[in-house]
Amino acid sequence: MTDEEKIKAMRLARAIASDISLYNEQKIIKGIEQDNLFEVLKEELEEGRELYKSRVSQDVYTNANFFERAINDIVLRSKAHVKSKIW
1351 MTDEEKIKAM RLARAIASDI SLYNEQKIIK GIEQDNLFEV LKEELEEGRE
1401 LYKSRVSQDV YTNANFFERA INDIVLRSKA HVKSKIW
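For the sequence shown, this note's numbering assigns the number 1351 to the initial residue and increments by one for each residue that follows.
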């Protein structure tokens, strides 16, 4: 995996995570409040993961967790102000 592949994969993962966050704001807030975020966003996360997988090499997909990191950084951390039992 080249540095260029890593950079492109990270950008793609962050763009997909940003779209998930932008278009599902209320679902995310409700999922955090009710501690079932990943159930609530199951379809959106699967769709995003499939898009990511289709646009990066198998090596990048298998050996790096850029998509999961992007979900944590963009979807979860941006909602740290939401009251929840999980934090």
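Virtual Cβ for every residue (Gly too), placed ideally from N, Cα, C.
Beta-carbon proximity list for residue i, same chain, < 7 Å, skipping 5 on both sides
i, result
"L1387", "I1378, G1381"
"R1364", "A1420, I1424"
For residue i, three-class secondary structure by DSSP
i, result
"L1391", "coil"
"S1428", "helix"
"Q1376", "helix"
"Q1384", "coil"
"K1403", "helix"
Residue i - containing alpha helix (DSSP H), residue span
i, result
"S1360", "The residue asked about is misnamed: residue 1360 is Met in this sequence, not Ser. 1353-1373 is the extent of the alpha helix (DSSP H) around M1360."
"N1415", "N1415 -> no alpha helix (DSSP H), and no H or E assigned at all."
Same chain, Cβ closer than 8 Å to residue i, five either side skipped, listed in chain order
i, result
"L1401", "I1366"
"N1374", "L1391, E1394"
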